[in-house]
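K.L.:
Right, I'll just put the structure down here and ask away after.
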Amino acid sequence: MTVTPTNLDDPCNCLALRRAARYLTATYDKALSPVGLRATQFTILRQLSAHGAMTITRLADMISMDRTTMATNLKPLAREQLVTIAPSATDRRARIVTITPDGLTRIDAALPLWRGAQVRFEEKFGADEAARLRASLGAVLDTGFQPWAE
Numbered sequence: 023m024t025v026t027p028t029n030l031d032d033p034c035n036c037l038a039l040r041r042a043a044r045y046l047t048a049t050y051d052k053a054l055s056p057v058g059l060r061a062t063q064f065t066i067l068r069q070l071s072a073h074g075a076m077t078i079t080r081l082a083d084m085i086s087m088d089r090t091t092m093a094t095n096l097k098p099l100a101r102e103q104l105v106t107i108a109p110s111a112t113d114r115r116a117r118i119v120t121i122t123p124d125g126l127t128r129i130d131a132a133l134p135l136w137r138g139a140q141v142r143f144e145e146k147f148g149a150d151e152a153a154r155l156r157a158s159l160g161a162v163l164d165t166g167f168q169p170w171a172e
């Protein structure tokens, strides 16, 4: 039995957001490639450099990612010794992620490349429009959905 969609022209918020996200992610990945980072890795290292060591769960929450995906994203960073992952001293079930000196060096090298991508995007899209976009996307996180709730 074949199911036919009722109207393929119906707008899909998820598709529009995912298309734009893939497009921008590829742009940032390309900009960061000279230092061997992808956009998600840059974000992780940047959060750790700004906020210090934290649990995998807290880090995942900070960047709106489920814990399992965060753990998967941390593995190459740990292999490259840009982060360490160790059991918590207070809760053996929790894992603490810490940026290493090599991770700090890598994020310092990546920041000018990231800033360049930011500037290029805002030149093409408009600085005011980019600020409105970030505000709108931030509001999406306040819609009340709980995608990772058990």
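Residue numbers (the numbering used here): 23 to 172. Glycine residues also receive a C-beta, built at the ideal position from the N, C-alpha and C atoms. Computed from a predicted model, the values in this text were never measured in an experiment.
#1: Would you say Ile118 and Ser110 are within 8 Å of each other, going by their C-beta atoms?
#2: Give me, in chain order, the residues of the same chain whose beta-carbon lies closer than 8 Å to that of Leu99; leave out the 5 immediate sequence neighbours on both sides.
#3: Applying the criterion that 16 or more other CB atoms from any shown protein chain within 10 Å of the CB defines a buried residue, is Ala132 buried or exposed?
#4: How big is the Cα-Cα spacing for Gln140 and Asn95?
#5: Just to confirm the assignment, what range does the beta strand (DSSP E) spanning Thr120 have?
#6: Are the Cβ atoms of Ile78 and Ala61 separated by less than 8 Å?
#7: Less than 8 Å between the C-beta atoms of Ala157 and Phe143, yes or no?
#8: Beta carbon of Ala42, beta carbon of Gly138: below 8 Å?
#9: Buried or exposed, going by whether 16 or more other CB atoms sit within 10 Å of the CB of Tyr45?
#10: Can you give, in chain order, each stretch of the beta strand (DSSP E) that sits fully within the segment 62-147 and has at least 3 residues?
P.N.:
Concretely, from the data shown:
#1: yes
#2: Gln63, Ile66, Leu67, Val105, Gly125
#3: Classification for Ala132: buried.
#4: Going from the Cα of Gln140 to the Cα of Asn95 covers about 23 Å.
#5: It spans 117-121 - the beta strand (DSSP E) in which Thr120 sits, taken as one unbroken run.
#6: no
#7: no
#8: Note that the C-beta distance between Ala42 and Gly138 is not below 8 Å.
#9: The residue in question, Tyr45, is exposed, as its Cβ has fewer than 16 Cβ neighbours within 10 Å.
#10: 105-109, 117-121
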